[in-house]
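K.L.:
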Amino acid sequence: MVQIAFIFFKRITTVAVLAFMTTGVAAAADNFGAIAFSKATGGYGFVYDRQSRREAENGAMRECRSRTSGCQVAVWFRNGCGAVAIGSNGWGSEPGATRQAAERAARRKCSRYTNGCQVLAWSCTSR
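Note that this note's numbering has the sequence shown beginning at 5, numbered continuously upward.
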């Protein structure tokens, strides 16, 4: 009887471990986001928590084009954040692990090309 109980316990444990591993893999899926921006108008669009880079970039372009023309993808990001900074005669964009890191990196990149850089847009995924 003890041996049967042990085998039953072993099988239950194996099933539980496999279920946990499967759930863990599904929960670890990447989230993507993107910001599209128009140099001509300063308009932008963004999306977050998409399943792929392509889906994020297409979504950001759709959002941007619904507001303005001349849009281009400025930055995409995975499981983090992205930001776009504009200055008097240029712009810069960068991803980052946090909103603050992305904004700082975007301002720094923008400052390579122009003065007075300020963050225009930022977005973060939920992971």
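From the three backbone atoms N, C-alpha and C, an ideal C-beta is built for every residue, glycine too.
#1: Quick one: what's Q76 bridged to in DSSP?
#2: CA-CA distance, E92 and I39?
#3: Consult DSSP for G84 and reduce its assignment to one of helix, strand or coil.
#4: For the segment 47–66 against the segment 95–105, do three or more pairs of beta-carbon atoms, one drawn from each stretch, fall closer than 8 Å, so that the two count as touching?
#5: Does R54 come out as helix, strand or coil in the three-state DSSP assignment?
#6: So is G84 buried or exposed if we call it buried at 16+ other beta carbons inside 10 Å?
#7: Who does E98 pair with in a DSSP beta bridge?
#8: Assuming the contact rule is C-beta atoms closer than 8 Å, C3 and A78 should be a hit. Round their C-beta distance to whole Å, please.
#9: Determine the contact status of S42 and G74, defining contact as a CB-CB distance below 8 Å.
P.N.:
According to the data block:
#1: One-based indexing of the sequence shown puts residue 76 at position 72. Paired residues: F41.
#2: For the purposes of this step, residue 92 is identified with residue 88 of the sequence shown, where counting begins at 1. For the purposes of this step, residue 39 is identified with residue 35 of the sequence shown, where counting begins at 1. The amino acid at residue 92 is misidentified as Glu; the sequence shows Ser. Rounded to whole angstroms, S92 to I39 spans 20 Å at the Cα level.
#3: If you number the sequence shown from 1, residue 84 lands on position 80. In the three-state scheme derived from DSSP, where H, G and I count as helix and E and B as strand, G84 is classed as coil.
#4: Counting C-beta pairs closer than 8 Å gives fewer than three between the segment 47–66 and the segment 95–105, which falls short of the contact rule.
#5: For the purposes of this step, residue 54 is taken as residue 50 along the sequence shown, with counting starting at 1. Strand, per DSSP.
#6: Within the sequence shown, numbered from 1, the residue matching residue 84 stands at position 80. The residue is buried, with at least 16 neighbouring Cβ atoms inside 10 Å.
#7: For the purposes of this step, residue 98 is identified with residue 94 of the sequence shown, where counting begins at 1. Bridge partners of E98: A87.
#8: Summary: the structure shown does not reach residue 3, with the chain confined to residues 5 through 131, and so no result is reported for it.
#9: Here residue 42 refers to the residue found at position 38 when the sequence shown is read from its first residue. Here residue 74 refers to the residue found at position 70 when the sequence shown is read from its first residue. A contact, by the Cβ cut-off of 8 Å.
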